[in-house]
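*Asks:* Numbering (the working numbering), first residue to last: 7 to 174.
Even for Gly, the Cβ is constructed at its ideal location relative to N, Cα and C.
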Amino acid sequence: MDNNKNKNPLSPSWVGAIFFAVFAFCFLLFTKYILLSLQQSAVLPFFPALLVALITGIFLGAIFTKYLTYPKSWIYAFLIGILMALIATALIGLVIFLNLYFSDSTFTHRLHHWQDFFILYGTIFLSLFLIIGLWLMLFTGLAAVYFSKHFWPTLIAIDKAHSKTNHS
């Protein structure tokens, strides 16, 4: 007996992780070359930013895809996308803060109290949210709606059609 025939090869978490990793890569390119093209110095170099974007996309896609695969309203999917964008903005702000902390030797000399670390992180998060986060919320919400209403149902339909042709 072959039990592998009855198993579904499409894992929602795996498909969502790949989908949102590709989305994160595309948004990184949009951010680098459209939103921040006038800025001369990069807060986070491109290669570390690429790694952060891909890891964040995989992480959030794998976690939140289970909420997007069930047929619900498009507003629910859009709100899940906004939540994903807020978490991504917080994680990216933390990575920028850690990059400044470990790469700039004078950075730690300016922070005298532990409250200064929270104030600086809040400033980084707020500026990141206002510059990139609003765009990220809009596009991630739209990507979540697309995944929920078009991408995932199409993959399921293709898988069912493929399994029917294999069994015939």
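1) Would you mind working out which of K170, V151, T95 sits nearest L140, comparing C-alpha positions?
2) With 16 other CB atoms within 10 Å as the buried threshold, where does S79 fall?
3) Under DSSP, the alpha helix (DSSP H) around I64 begins and ends at which residues?
4) From which residue to which residue does the alpha helix (DSSP H) around M140 run?
5) Measure the Cβ-Cβ separation of G63 and A91 and say whether it is below 7 Å.
6) Can you tell me the Cβ-Cβ gap for L66 and I93, rounded? I've got them flagged as a contact below 8 Å.
7) Are there 16 or more other CB atoms within 10 angstroms of the CB of K11, so buried, or fewer, so exposed?
*Replies:* Let me spell this out:
1) T95
2) Label assigned to S79: exposed.
3) 52-74
4) According to the sequence displayed, residue 140 carries Leu and not Met. Run containing L140: 140-152, per the alpha helix (DSSP H) assignment.
5) It is not a contact, given that the beta carbons lie outside the stated cut-off.
6) 6 Å
7) Here K11 scores only 49 on pLDDT, less than 50, and its place in the model is too uncertain to base an answer on.
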